[in-house]
Amino acid sequence: MIYQRHIPREELFAAQLEMLMQNGQLATVAAHLIGVGATMAIFWPFLNITTILLWGAAFLILLLLRSLQMSNALVNRSYLTNAKGVYFKLILGAAATGSVWAAIYIYAAHYVPITMQYTFLLLIVMITAISVGFSVIIREYFLVYVFTALWPIAWWSLIHYWEQPYNLVIGLSLLAFCAVLVVVCNRVYMSFRNMISLNWERETMSQELGDLTASLRDRNKQLRDARRQLTDLANIDELTGLGNRRLVNTALKEEINRARRGGTNLSVVLLDVDYFKNYNDTYGHPAGDTVLQQLADIMTKATSRAGEVVARYGGEEFILLLPGASHDSAMRTANRLKELVELEAIPHENSSVADVLTVSQGVVTVQPDGDMLPSEVISRADKALYEAKKTGRDRISVSW
């Protein structure tokens with residue numbers, strides 16, 4: 001089974017939009033509602049009541065519209081079908097919100113005492129800093145808010161530096177703060193992207209494994225079709241339709257690397273037909289070829305997990321690669337193979353073991369580390385197979 005290792009750019013972007021709206025909707029409204037309440041409390045004694053109430057009502061309407069837009073996008077899943085449209089609406093909402101804060105600060109600077117003005121500025125800075133935690137999932141979304149909320153205040157303070165004693169310091173400090181936020185924003189943004197990518201890869205792998213389990217009933221038909229299509233390829237055994245030694249070496253190398261990275265097990269079962277030369281001498285080579293084809297079908301039936309490889313390793317030898325299989329799991333597979341061969345009851349009158357065809361198997365389970373080579377795994381499985389033959393055949397031996 002082939003896993004897609006990296007999330008496509010479009011899906012990553014859609015996932016970022018979804019995560020931003022799911023986590024940012026309530027946080028955005030709550031943070032700005034607190035800000036609106038604090039602003040009204042600060043400016044109540046100094047500004048016209050009607051002006052304050054109208055500003056508060058307009059800001060509340062803006063926040064409700066932004067919340068409604070996020071809710072609709074989540075319900076309709078338009079972030080999947082119209083990601084760019086949702087993105088630009090979010091950017092526009094962030095720009096409008098930031099502009100409102102900048103505008104009310106510049107307006108109030110002409111009417112309120114300097115202490116209240118600086119208190120209000122501190123409030124805006126705090127809301128902006130808090131926004132880092134939930135809005136940098138989309139980097140541009142946060143930056144637009146920063147540069148519409150703080151950037152205008154910084155330049156206004158620099159331009160009007162003579163009007164109030166600390167305007168120059170405030171302007172320069174805000175510009176420096178914006179620069180810091182840009183750096184922090186970029187790092188947090190990359191962390192979110194990596195987290196989304198990792199979650200997507202895990203969910204995709206789980207989904208693919210589930211789909212594979214559901215589609216096992218179609219597996220035999222698919223394999224027959226694949227055999228016809230792959231007969232002419234160099235890594236397919238023409239007689240049985242299984243992979244050949246070349247395929248085994250390639251697949252085994254990949255599985256060793258995967259097991260090393262994941263710290264998981266890898267099991268190999270090497271199978272050999274007992275007294276196959278005697279069988280060919282007695283029944284003829286065409287009958288021997290039929291037996292090999294029967295064994296190929298039996299081994300295919302004995303495998304069902306994702307990533308398992310069945311191959312003809314050479315002559316009457318077959319091999320199973322079982323990624324992630326523990327020793328106990330590999331032994332269960334080997335015993336099931338033995339039972340299936342016995343159930344087939346293929347006559348073999350010149351066998352020294354039984355009057356039906358039997359097989360010997362060598363099993364090895366490793367957890368690769370260092371520079372383990374495919375040849376080392378095959379060698380251990382071959383030694384176990386040799387032990388099975390040496391001790392009487394029709395049995396399973398294990399290499400530890």
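Each residue of the sequence shown is one higher than the one before, counting from 1 in the working numbering.
Glycine is no exception: its CB is placed at the ideal position from the N, C-alpha and C atoms.
Which of the three DSSP states is assigned to residue i in this structure?
i: Leu320; result: strand
i: Tyr313; result: strand
i: Val353; result: coil
i: Gly243; result: strand
i: Ile7; result: coil
i: Pro152; result: helix
i: Pro347; result: strand
i: Leu12; result: helix
By Cβ distance, which residues of its chain are closer than 6 Å to residue i, with the 5 residues on each side in sequence left out?
i: Pro368; result: Ile256, Ala259, Arg260
i: Ser197; result: Ile7
i: Leu80; result: Ala14
i: Val36; result: Gly56, Phe59
i: Thr264; result: Gly324
i: Leu116; result: For the record, residue 116 in the displayed sequence is Met; it is not Leu. Closer than 6 Å at the Cβ level, and outside the excluded window around Met116, lie Ile42.
i: Val144; result: Ile91, Ala94, Ala95
Using only alpha-carbon positions, find the residue among the options that is nearest to residue i.
i: Gln22; options: Leu150, Trp44, Thr250, Val75; result: Val75
i: Ile404; options: Leu12, Ala109, Ile61; result: In the structure as shown, the chain begins at 1 and stops at 400. Residue 404 is therefore absent and cannot be evaluated.
i: Ser173; options: Val125, Val132, Phe142; result: Val125
i: Ala302; options: Arg139, Glu11, Glu339, Val180; result: Glu339
i: Ala296; options: Leu181, His285, Ala311, Ala287; result: Ala311
i: Val146; options: Lys390, Leu175, Ala234; result: Leu175
i: Glu316; options: Gly85, Gly288, Gly392, Val182; result: Gly288
For residue i, collect the residues of the same chain with a Cβ closer than 8 Å to its Cβ; drop the 5 residues on either side in sequence, then sort them by chain order.
i: Asp232; result: Its pLDDT being 49, under 50, Asp232 is placed unreliably in this model, and the value from its coordinates should be taken loosely. The answer is none, since no qualifying residue turns up.
i: Pro347; result: Asp355, Val356, Leu357
Looking at the secondary structure, which residues open and close the beta strand (DSSP E) in which residue i lies?
i: Val398; result: 396-399
i: Thr365; result: 359-366
i: Ser267; result: 266-273
Please list, in chain order, all residues of the same chain as residue i whose beta carbon is under 7 Å from its beta carbon, the five residues on each side excluded.
i: Thr148; result: Ala95, Gly98, Ser99, Ala102
i: Ala345; result: Val356
i: Glu140; result: Ile91
Identify the continuous alpha helix (DSSP H) that holds residue i and give its terminal residues.
i: His327; result: 327-344
i: Ala296; result: 285-301
i: Glu387; result: 374-390
Point to revise | Residue ranges of each alpha helix (DSSP H) within the segment 15-89, 4 or longer | key: Listed in chain order, they are 49-76, 78-81.
Review point. In chain order, which alpha helix (DSSP H) runs of at least 4 residues are fully inside the segment 93-143?
Key: Listed in chain order, they are 114-135.
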